[in-house]
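**Student:** Sharing a structure here in structure tokens format.
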Amino acid sequence: MTVEYTAADTGGWLALCANERVLLLHPSAVTDAPLTTALLVALRETVGLQSVLDLLARGGLAAMPQFALLDVRDTPRVIVRGGVTVTVQQSPLPPLPPTTSAGQVGEGQISGAGVTTWTEQVLPSATALAVTVEGAEAVASVVPLPLVDGAAWVAALSVTVIQGTLTQGTVTQGSIIQDAGTQASTPTTAPTVSPVSTPSSAPGPVPLPDPEPEPDSEPDPGVTVVELPDPADLANTDLPVTDLPVTDLPVTAPPVTARSDSADRVAGVRPPEEPSQNSSYDYLFGDTMYRDVAGAAVVDVAEHAAEHAAEHAAEHAAEHAAGQATEDGSAGGAGVPEPQTSAAPVGAGESAGDHDGQTVLTSDIAKLRAERKAKRASRSTGPAAPAAPPAPTVVLTLPNGTRESLAQPVLVGRAPSVSQVSGGNIPRLVTVGTADQDISRTHARFVLEGGTVVVTDLHSRNGTMIVLPGKEPQKLRAGEPTAVIVGTVIDFGGGITLTVEEN
Amino acid sequence: MEILHDLVLPNGAVRFRFAGHSDRGAVRRVNEDSFLAAIPLFVVADGMGGHAFGDRASQAAIAAFADAFAETDHIAPQDVLDTIARANAAVLAVSEQSDAPEALSGTTLAGLAFVEAGPHGNYHWMAFNVGDSRIYSWDGRSIAQLSVDHSAVQELVDQGVITRLEADHHPDRNIVTRALGADLQVDADVWLLPARERQTFVLCSDGLTKELSDEEIARIIVFHVSEGGREPDGALAITLAERLVNAAVAAGGKDNVTVVVVESELLGAAAADRDESDDTVDRGMPGFLEETRPRG
Chain A
0 MTVEYTAADT GGWLALCANE RVLLLHPSAV TDAPLTTALL VALRETVGLQ SVLDLLARGG
60 LAAMPQFALL DVRDTPRVIV RGGVTVTVQQ SPLPPLPPTT SAGQVGEGQI SGAGVTTWTE
120 QVLPSATALA VTVEGAEAVA SVVPLPLVDG AAWVAALSVT VIQGTLTQGT VTQGSIIQDA
180 GTQASTPTTA PTVSPVSTPS SAPGPVPLPD PEPEPDSEPD PGVTVVELPD PADLANTDLP
240 VTDLPVTDLP VTAPPVTARS DSADRVAGVR PPEEPSQNSS YDYLFGDTMY RDVAGAAVVD
300 VAEHAAEHAA EHAAEHAAEH AAGQATEDGS AGGAGVPEPQ TSAAPVGAGE SAGDHDGQTV
360 LTSDIAKLRA ERKAKRASRS TGPAAPAAPP APTVVLTLPN GTRESLAQPV LVGRAPSVSQ
420 VSGGNIPRLV TVGTADQDIS RTHARFVLEG GTVVVTDLHS RNGTMIVLPG KEPQKLRAGE
480 PTAVIVGTVI DFGGGITLTV EEN
Chain B
0 MEILHDLVLP NGAVRFRFAG HSDRGAVRRV NEDSFLAAIP LFVVADGMGG HAFGDRASQA
60 AIAAFADAFA ETDHIAPQDV LDTIARANAA VLAVSEQSDA PEALSGTTLA GLAFVEAGPH
120 GNYHWMAFNV GDSRIYSWDG RSIAQLSVDH SAVQELVDQG VITRLEADHH PDRNIVTRAL
180 GADLQVDADV WLLPARERQT FVLCSDGLTK ELSDEEIARI IVFHVSEGGR EPDGALAITL
240 AERLVNAAVA AGGKDNVTVV VVESELLGAA AADRDESDDT VDRGMPGFLE ETRPRG
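This is the structure we're talking about:
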């Protein structure tokens, strides 16, 4: 592998390079030195990339920075979060599969845009990977510089893959395919089966794919890894590897195609599959779901024993954040209110018993406050609020001749009342016919919806008649909102009528 | 000290009799509850325990109400909503003034306002609630909880996961789901009840309801009323609010306890308008026999 980069003057991303892996980090994430150091250490680990992802996600999904992680240590692999785009050059023939997921910008490009978590692709036939940081200004000297191990602020970076491992004899393709299959279920795990092996050293019977049909003629090469022999057949086969007529086997390209496609397809369609040995990030790969703060708290309480509460609340927080981010259409949905992870026993010890008796908020107020400040900032810079809609011109004329605006909902009855309405729009209450015992206390509701008056009989005892101009009287169905036009007379009975009129 | 005051309305008058009382309780060192009892507005605020400046938060909320309605006796529902928003901003300001970045404050709010909710002297009691302080109404025989708590256990009860009884001992019984000072916007639940000839309301912080069941509260009210009946002028040395607070403190007093009791009585024409004998009666001739109701 060789890495070359164009140094950034301003606006660059930090590239950390070690162990044939390159991590490009959005500058917002490069604020504390220990993290940078820890990331470098994690890159040097010989096993998978979990520890790198662990570090990046340590503040929760919402706080996870944009990054691009290029790993060519084993099979070339790209993990991208956020809008950054990685351009991929592949060895001839096997192109990337057609765009199958939101994560793929187009052929040969991988982006994390529109993906809640991140996009991960295994690219067995990649020959070069390149990243250009948008908005970054390169330093005056444009000569690309090499980078082997260390960190640099980069405006652009390219990785050339040495394709040694991919031209091995096809005898190993069985294990390669198996390998691809394993990766399909554990994409963030580094391949455990080395694709590099020679026929003579391959232990035991090696699964052999049927050389026919040619991958080119296959309608769906990606999923037809079915050429893998049945495990039972494998066990029964006693064909020694060395007996294989090596020269008769198809060379390089076809199996690589099959493998590439299978891996790509799986990675492309479901990028973040659950890594089996890393359960602490399971939630990142579960189905995204939205729960409001209260819902999360309640489900939490209902479903789980107390000792698991904190752990699950954390999961819900991440799900919640993920849902929010999805809704926003951006992965960065900052300042998502998180469910309380525990009933924060502040001031514990003030009283005895299982509970300290103190009232606490369900939400993390500190987080909310940050969100609040962000909102304020955006509000002050944001566009002015849209102008208020023109005043409604339709009014309700009461029996005594007064005209009631319909700017707010209006409840009419003998003694109207309102029960548990939330938020801003409190109805006006209009009393009619106090002497008429056959008019219900809260008889009917009038609201203006998009310029149309909608009247609802609120299950009144004796019902409501409406007379549209030039029509026969008709009775309103109780509880059913009915649109009426200007000139309609609403009759509550007992001589109490209201008229919808233009102002 | 119980206060008696008449408010003159265009079509009569309303007589208020109210008193409030608050106690630190038997355990807490600070009283984080605050209340306001002044015509036409009665509010109880319970500062968030555990958050720094819980007492300042509840005081800030109450101050917002006191400032808004110091000059006027006649208010509309929208005025109250505007004041709730201002009180929320005031509580937020308390959080931000504090030196320690972790210092967080919030408060519940339960209140009653005598408002003109429509034209022509259409007076109503407006009840509003954020959090787990409560509003009860008393009809002379039984007590009924008017407000619905914004609490985790209330949601569990609503979902049928636990019963009302289990809620009293649930480990999460002190988690509220709405509070002033929690966010830029606050949504209060609102009820509008037509002013009737005679109404009694009890506002309280959760310090009362965590110690006394609704039945016990009702018993104390009945006892108090009967005691008052024995006095020649109906005046007792102790108010109902004090009696309830004392009972809650005696029962454990694990939290601050605050109670405001409000009685209203319509006088003159306003009362005559509100003949409340009244279930709606069927009209003589049922003109429409096919009363099919829509589903749901």
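One line per chain: the protein sequences are A and B, in this order. Quick note on numbering that gives the first Met the number 0: the first sequence kicks off at 0 and runs consecutively. Quick note on numbering that gives the first Met the number 0: the second sequence kicks off at 0 and runs consecutively. Just so you know, even glycine gets a beta-carbon here, dropped at the ideal spot from N, CA and C.
1. For residue 473/A, return the contacting residues in chain B, with the cut-off set at a CB-CB distance below 8 Å.
2. Given a threshold of 16 other Cβ atoms within 10 Å of its Cβ, counted over all protein chains shown, does residue 461/A qualify as buried or as exposed?
3. In chain order, what are the residue ranges of uninterrupted beta strand (DSSP E) at least 3 long that sit wholly in the stretch 421-462 of chain A?
4. Start and end of the alpha helix (DSSP H) containing residue 20/B?
5. When the Cα atoms are used, what is the spatial distance from residue 492/A to residue 481/A?
6. Using a beta-carbon distance below 8 Å, is residue 43/A in contact with chain B?
7. Specify the secondary structure class of residue 30/B as computed by DSSP and reduced to three states.
8. Per the DSSP calculation, residue 109/B is bridged to which residue(s)?
9. Report the CB separation of residue 17/B from residue 44/B in whole angstroms; it is logged as a contact under 8 Å.
10. Quick check: what's the CA-CA separation for residue 144/A versus residue 3/A?
11. Spatial neighbours of residue 127/B within its chain, please: C-beta separation below 6 Å, excluding the five flanking residues on both sides.
12. Can you give me, in chain order, the residues of the stretch 184-198 of chain B that have a beta carbon less than 7 Å from any beta carbon in chain A?
13. How big is the Cα-Cα spacing for residue 255/B and residue 456/A?
14. Can you find a C-beta in chain B that's less than 8 Å from the C-beta of residue 88/A?
15. Between the Cα of residue 33/B and those of 55/B, 40/B and 26/B, spot the shortest distance and give me the residue it belongs to.
16. Relative to the C-alpha of residue 502/A, which candidate in 393/A, 36/A and 127/A has its C-alpha closest?
17. Any idea if residue 291/A is buried or exposed, counting beta-carbon neighbours within 10 angstroms, 16 or more meaning buried?
18. Can you tell me whether residue 110/A is buried or exposed? The criterion is at least 16 other CB atoms within 10 Å of its CB, across all chains shown.
19. For residue 134/B, which residues does DSSP report across the bridge?
20. Could you round the C-beta distance between residue 60/B and residue 86/B to whole angstroms and report it? I think they count as a contact, below 8 Å.
21. Taking any Cβ of chain A, which residues in the stretch 2-18 of chain B have a Cβ under 7 Å from it, in chain order?
22. Could you give the DSSP three-state label for residue 353/A: helix, strand or coil?
23. Using a 10 Å radius around the Cβ and a threshold of 16 neighbouring Cβ atoms, would you call residue 138/B buried or exposed?
24. What residues from the stretch 78-95 of chain B come within 8 Å of chain A, judged by C-beta to C-beta, listed N to C?
25. What first and last residue would you give for the alpha helix (DSSP H) that runs through residue 152/B?
26. Under the rule that 16 or more other beta-carbon atoms within 10 Å means buried, what is residue 30/B, buried or exposed?
27. Using the rule of at least 16 other Cβ atoms within 10 Å of the residue's Cβ for burial, across every protein chain shown, is residue 205/B buried or exposed?
28. If you draw a straight line from the C-alpha of residue 427/A to the C-alpha of residue 396/A, how long is it?
29. Please state if the CB of residue 150/A and the CB of residue 6/A are separated by a distance shorter than 8 Å.
30. Let me make sure I understand the geometry here. Which of 50/A, 402/A, 46/A and 425/A has the alpha-carbon closest to that of residue 408/A?
31. At what residues does the alpha helix (DSSP H) containing residue 300/B begin and finish?
32. If I measure Cβ to Cβ from residue 82/A and keep anything under 8 Å in the same chain, skipping five residues before and after, which residues do I get?
33. Could you name the residues of the stretch 17-42 of chain B whose beta carbon sits closer than 8 Å to any beta carbon of chain A, in the order they occur along the chain?
34. For the alpha helix (DSSP H) containing residue 237/B, list its first residue and its last residue.
35. List the DSSP bridge partners of residue 89/A.
36. Specify, as a first and last residue, the run of the alpha helix (DSSP H) that residue 228/B falls within.
**Tutor:** If we stick to the structure as given:
1. Within chain B, no residue comes near residue 473/A; the closest Cβ sits about 10 Å away, beyond 8 Å.
2. Here residue 461/A is buried, its C-beta having at least 16 other C-beta atoms within 10 Å.
3. 427-430, 443-448 and 451-456
4. Segment 11-22 is the beta strand (DSSP E) holding residue 20/B; no alpha helix (DSSP H) there.
5. 18 Å
6. It does not: the Cβ of residue 43/A has no partner Cβ on chain B nearer than 8 Å.
7. coil
8. Residue 109/B is bridged to 43/B and 128/B.
9. The distance from the Cβ of residue 17/B to that of residue 44/B is about 17 Å, inconsistent with a contact at the 8 Å cut-off.
10. 5 Å
11. 110, 187 and 189
12. 186, 188, 189, 190, 191, 192 and 193
13. Their Cα atoms are separated by approximately 45 Å.
14. no
15. 55/B
16. Cα-wise, what sits closest to residue 502/A is 393/A.
17. Its pLDDT being 41, under 50, residue 291/A is placed unreliably by the model, and the measurement read from it follows with that caveat. When all chains shown are included, residue 291/A counts as exposed.
18. Looking at its Cβ environment, which holds 16 or more other Cβ atoms inside 10 Å, residue 110/A is buried.
19. Partner(s): 202/B.
20. 4 Å
21. none
22. Annotation note: pLDDT 47 at residue 353/A (below 50); position unreliable, coordinate value reported separately. In the structure shown, the three-state DSSP call for residue 353/A is coil.
23. exposed
24. 80, 91, 94 and 95
25. 151-157
26. buried
27. Looking at its Cβ environment, which holds 16 or more other Cβ atoms inside 10 Å, residue 205/B is buried.
28. Roughly 14 Å separates the two Cα atoms.
29. no
30. 425/A
31. What is shown of chain B runs 0 to 295, which leaves residue 300/B out entirely.
32. 65, 110, 111, 112 and 133
33. Hits within the stretch, in order: 26, 27 and 28.
34. No alpha helix (DSSP H) contains residue 237/B, which DSSP labels as neither H nor E.
35. 125/A
36. According to the DSSP assignment, residue 228/B belongs to the alpha helix (DSSP H) that extends over 213-229.
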